[in-house]
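Student: Everything in the sequence shown is counted per this note's numbering, starting at 1 for the first residue and increasing by one.
The beta carbon of each residue, even a glycine, is placed where N, CA and C say it ideally should be.
Shown below is the structure under consideration.
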Amino acid sequence: MTINTITNAPILKRRQLLTLEYNVSGKAQASFDGKKQDGWWLRIDPESQTYPKAGQQIDIKFARQGLLYHGRGIVKAIARNHTKMVVSEPAYFETRPIRQSNRVDAMLKTSIIIMNSEEQSSQFITRHDNQVVNLSITGALVASKYPLKAPPRGIMLMLSLDNNRPYDIQNQIYLRGSIVREGKDWANQRFPYAYGIQFTRVRDDFEGLLENFISDPNAANQELEEMMDLAATA
1 MTINTITNAP ILKRRQLLTL EYNVSGKAQA SFDGKKQDGW WLRIDPESQT YPKAGQQIDI
61 KFARQGLLYH GRGIVKAIAR NHTKMVVSEP AYFETRPIRQ SNRVDAMLKT SIIIMNSEEQ
121 SSQFITRHDN QVVNLSITGA LVASKYPLKA PPRGIMLMLS LDNNRPYDIQ NQIYLRGSIV
181 REGKDWANQR FPYAYGIQFT RVRDDFEGLL ENFISDPNAA NQELEEMMDL AATA
């Protein structure tokens, strides 16, 4: 795997997800909230259990446009309620590419919309009747309770990248694609219909969220065993 070092930080957009690591095992999630003269302003995920302290060195990791970035900064200030912090911009970053075909196991609920034109839908299946079995930058394996109407013009997945907070707008993404393969697993009574989806259009901000999810090894859900036969036969 090729690892490069760069001195110019990429242009980050608001909501860009970051992983902050400090001490031996300290870890927090944050999102980019802007750049000012005193450094990067970050919003800390309220679900984080631990927080760094002012003056502490932290590792900053994120994914952007097909690359994983790793830099180091100093916490310059942190709010008393731990909702925001200011960190110095890293002087340099180590980067390595994200494999476009790399897939992670993901038991994510997703709504499915079948499009019969660019603006109109012909079928809608709620998030409780579908699951994303695995996910990559370029596509997904989706299992559904119902067969999808064929031949669909296109398909849209509406999902949250965090099942614990399925309606949190920070984690919502919409992915357009087309069905490239399909199968059926009679042994899986809950989600017997399997579809391989190839993404055809991903917005830049959604792509950033997707890249962070794919690049985080903790994103893989170990509860996938019940779906392995489905993935193998789809």
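Does DSSP classify I60 as helix, strand or coil?
Tutor: As a position in the sequence shown, residue 60 is number 60, starting the count at 1. For I60, the three-state secondary structure derived from DSSP is strand.
Student: Just to confirm my understanding: we take G177, look at its own chain, exclude 5 residues before and 5 after, and list those with CB closer than 6 angstroms. What are they?
Tutor: The count along the sequence shown starts at 1 and reaches residue 177 at position 177. Closer than 6 angstroms at Cβ, skipping near neighbours: I155, I197, Q198, F199, T200.
Student: If you count every other CB in all the chains shown that lies within 10 Å of the CB of N134, and 16 or more means buried, which is it?
Tutor: Residue mapping note: residue 134 aligns to position 134 of the sequence shown, counting from 1. Classification of N134: buried, given that the 10 Å Cβ count is 16 or more.
Student: Measuring CA to CA, which of A106, H82, Q56, K61 is closest to Q49?
Tutor: Here residue 49 corresponds to residue number 49 of the sequence shown, with the count starting at 1. The option with the nearest alpha carbon to Q49 is H82.
Student: Have a look at F93, Q56, K145 and flag the residue whose alpha-carbon is nearest the alpha-carbon of A187.
Tutor: As a working mapping, residue 187 is identified with position 187 in the sequence shown. Comparing alpha carbon positions, the residue from F93, Q56, K145 closest to A187 is K145.
Student: Which runs of the beta strand (DSSP E), 3 residues or longer, sit entirely within the stretch 57 to 97?
Tutor: 57 to 64, 67 to 78, 84 to 87, 93 to 97
Student: Helix, strand or coil: which one does DSSP assign to E47?
Tutor: Position 47 of the sequence shown, counted from the start, is the residue given in the question as residue 47. The answer is coil: DSSP assigns E47 none of H, G, I, E or B.
Student: Taking its Cβ as the centre, do 16 or more other Cβ atoms sit within 10 Å of N212, making it buried, or is it exposed?
Tutor: Within the sequence shown, numbered from 1, the residue matching residue 212 stands at position 212. N212 should be labelled buried.
Student: Apart from the five residues on each side of it in sequence, which residues of its chain come closer than 6 angstroms, Cβ to Cβ, to G71?
Tutor: As a first step, residue 71 must be located in the sequence shown, where it is residue number 71. Answer for G71: I60, P90, F93, listed in chain order.
Student: Of the choices L157, A143, D162, P147, whose alpha-carbon is the least far from that of F191?
Tutor: As a position in the sequence shown, residue 191 is number 191, starting the count at 1. Of L157, A143, D162, P147, the smallest CA-CA separation from F191 is found for A143.
Student: Buried or exposed: F62, going by 16 or more other Cβ atoms within 10 Å of its Cβ?
Tutor: As a position in the sequence shown, residue 62 is number 62, starting the count at 1. Buried, because 16 or more other Cβ atoms sit within 10 Å of the Cβ of F62.
Student: Is any non-hydrogen atom of the ligand HEM found closer than 7 angstroms to the C-beta of G55, if you look at the structure I gave you?
Tutor: In terms of ligand content, the structure shown is empty, and the ligand HEM therefore cannot be addressed.
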